[in-house]
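Using this note's numbering, the letters of the sequence shown correspond one by one to residues 435 to 621.
Heads up, the beta-carbon is just placed ideally off N, CA and C, and yes, glycines get one too.
Values in this document were obtained by computation on a predicted structure and should not be read as measured data.
Worksheet: one structure, shown below.
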Amino acid sequence: MTPTFAPDLEADRAFMRLALDQAQNAWLLGEVPVGAVIVKDGKVIATGYNRPIGDHDPTAHAEIVAIRQAAHLLGNYRLPECTLYVTLEPCAMCAMALLHARFARVVFGARDPKTGAAGSVVDLFAEPRLNHHCDITPEIEQEACSALLQDFFRARRKEQKRPEESVHDACLSGIEVTELDIEPPLC
Ligand SMILES: [Zn+2]
């Protein structure tokens with residue numbers, strides 16, 4: 435039987451680099467840099483980047499933004515032939531959205547030891563009591579995905595050391611500050 439997808443490391447890396455480009459868009463807007471792309475039949479059909487601060491929307495994680503775009507484009511609330519690439523391990527909210535949408539496959543970059551729901555904190559994708567399961571490919575372009583987040587938090591801490599800026603700005607993170615931080619969070 436022909437599988438519904440053929441894992442291809444080079445293709446996975448190429449799509450993850452596109453997700454990294456999306457993450458850069460988030461950084462440009464001052465959001466924690468996480469990006470996602472959705473692929474169907476070898477083509478990118480939707481993109482998203484983390485933007486909860488700018489959108490005043492706590493659900494506006496990269497995955498949710500991309501899922502909404504893909505579902506709207508395909509005119510279907512289920513996306514069983516799609517693969518989502520995201521630079522950071524999905525949180526529980528995004529993992530459940532991916533399961534609700536019946537994604538065939540999810541590929542992620544960096545692990546998130548604080549909120550990751552694909553094995554780091556919980557593994558919703560492997561939960562036998564849930565009725566759908568995605569194929570998960572972890573740690574594609576992991577170093578680049580982790581480095582981007584580390585660079586972002588390092589740059590933000592540097593800015594926060596300037597006396598004219600409010601420490602409160604440190605609280606305006608769209609996602610939990612992760613272990614990827616070298617120093618403890620300010621809030
Ligand atoms: Zn999420």
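Beta bridge counterpart(s) of residue i as assigned by DSSP
i, result
"G469", "Y483"
"D557", "A552"
"V541", "Y519 and T571"
"K477", "K474"
Pair within 8 angstroms by beta-carbon distance, residue i and residue j
i, j, result
"V468", "H495", "yes"
"S554", "E577", "no"
"A470", "Q456", "yes"
"A500", "T517", "no"
"V540", "M450", "no"
"C568", "A544", "no"
"L513", "H566", "no"
"V556", "A581", "no"
"A633", "P572", "The chain is shown only over 435 to 621; residue 633 falls outside these bounds and no answer can be derived."
Exposed unless 16 or more other CB atoms sit within 10 angstroms - verdict on residue i
i, result
"C521", "Reading the sequence as shown, one finds Thr at residue 521 and not Cys. It is buried - the Cβ of T521 has at least 16 other Cβ atoms within 10 Å."
"S600", "Confidence is the limiting factor: at S600 the pLDDT is only 45, short of 50, which leaves the residue's position unreliable and the question unanswerable from this model."
"D442", "exposed"
"E497", "buried"
"G488", "exposed"
"L454", "buried"
"G550", "buried"
"Y519", "buried"
"L564", "exposed"
"P486", "buried"
Reference residue i; option with closest CA among the options
i, options, result
"F587", "G464, A448 and R539", "G464"
"R506", "A535, P492 and Y519", "Checking the sequence, you will find His at residue 506 rather than Arg. Of the candidates A535, P492 and Y519, the one whose C-alpha sits nearest the C-alpha of H506 is A535."
"R502", "H566, Y483 and L462", "Y483"
"L452", "V556, H490, D491 and E575", "E575"
"E515", "G543, D546 and V478", "V478"
"A529", "L508, A560, G509 and Y511", "A560"
"D546", "Q584, G476 and R563", "Q584"
"D475", "L508, W461 and K592", "L508"
"P492", "R596, V466 and Y511", "V466"
is_contact[residue i, chain C] using C-beta, thresh 8 angstroms
i, result
"H566", "The question asks about chain C, but that chain is absent: this structure has only one protein chain."
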